[in-house]
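Since the structure comes first, as structure tokens, the remarks are kept for the end.
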Amino acid sequence: PVFFALLVGLLWGYFRLPGQNNEFMAPIFKVCNVLASALTPIAILSVGLMFKLPHLREMLVALTIVVLLKLIIKPLIAGSLSTLFGFPELWKEVLVLLAAMPPAVLGAVFLRRYGGDASLASALLLGGTMVSCASLLAVFWFIG
13 PVFFALLVGL
23 LWGYFRLPGQ
33 NNEFMAPIFK
43 VCNVLASALT
53 PIAILSVGLM
63 FKLPHLREML
73 VALTIVVLLK
83 LIIKPLIAGS
93 LSTLFGFPEL
103 WKEVLVLLAA
113 MPPAVLGAVF
123 LRRYGGDASL
133 ASALLLGGTM
143 VSCASLLAVF
153 WFIG
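All letters in the sequence shown, in the order written, are residues 13 to 156 by the numbering used here.
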């Protein structure tokens, strides 16, 4: 569904189909905006419902890997590649900040839907988000 929503949005814009200002389309866009506003709280609620504290050792090893890859290595790679390709300074800063964001909520939702370990994923999401509070402050301090 995420891929199809992106595809429909791209095609809608490419073919310049009528938007929110069209009398006929305005109610449809209003319903879509209400549904879009509800998506994040519902996803966070579903992750909270899936949360069960896994074995501490298993979570610490996995959390260390997630923190290293997602919150440390990924921003370093983003900053290095943006410098290598000569991006403007503002683009580099935005790219590094986006790369340093905590893990996405939808990952745990998808794991639950497709039979993965949603409990571990929700614990990693919580732990990664808590660690990202400090790591984002460090990134903000580093980029100035």
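Beta carbons are placed, not taken as given, at the ideal position from N, Cα and C, and that holds for glycine.
Candidates the options, of which the one nearest residue i by Cα
| i | options | result |
| --- | --- | --- |
| Ile85 | Phe63, Pro114, Phe99 and Arg69 | Pro114 |
| Ala120 | Ile77, Ser144, Thr76 and Leu61 | Leu61 |
| Phe63 | Leu19, Arg124, Cys145 and Leu149 | Arg124 |
| Ala48 | Glu35, Ile77 and Val14 | Val14 |
Close Cβ partners of residue i (< 7 Å) along its chain, the five nearest in sequence each way excluded
| i | result |
| --- | --- |
| Trp155 | Reading the sequence as shown, one finds Ile at residue 155 and not Trp. Taken in chain order, the residues that qualify are Glu105 and Val108. |
Residues near residue i in its chain [Cβ-Cβ closer than 8 Å; skip 5 each side]
| i | result |
| --- | --- |
| Val117 | Thr52, Ala55, Ile56, Val59 and Leu137 |
| Val11 | Nothing about residue 11 can be read from this structure; the chain reaches only from 13 to 156. |
| Ala38 | Gln32 |
| Met71 | Leu65, Leu132, Ala135, Leu136 and Gly139 |
| Ile89 | Ala111 |
| Phe99 | Leu107 |
Rounded distance between the beta-carbons of residue j and residue i, thought under 8 Å
| i | j | result |
| --- | --- | --- |
| Val143 | Val73 | No, Val143 and Val73 are not in contact; Cβ-Cβ is about 14 Å, not under 8 Å. |
| Ser131 | Leu83 | Not really, about 21 Å apart at Cβ, beyond 8 Å. |
| Trp103 | Ser94 | 6 Å |
Sequence-distant residues of its chain with Cβ nearer than 6 Å to residue i (five each side left out)
| i | result |
| --- | --- |
| Gly21 | none |
task = Please go through the region 19 to 53 and give each complete beta strand (DSSP E) segment of 3 or more residues, from N-terminal end onward.
result = none
task = For the region 128 to 155, list the alpha helix (DSSP H) runs that are entirely contained and at least 4 residues long, ordered along the chain.
result = 130 to 155
ask   = Mind pulling the alpha helix (DSSP H) runs of 4 or more residues that sit fully within the region 86 to 126?
value = 86 to 96, 101 to 111 and 117 to 125
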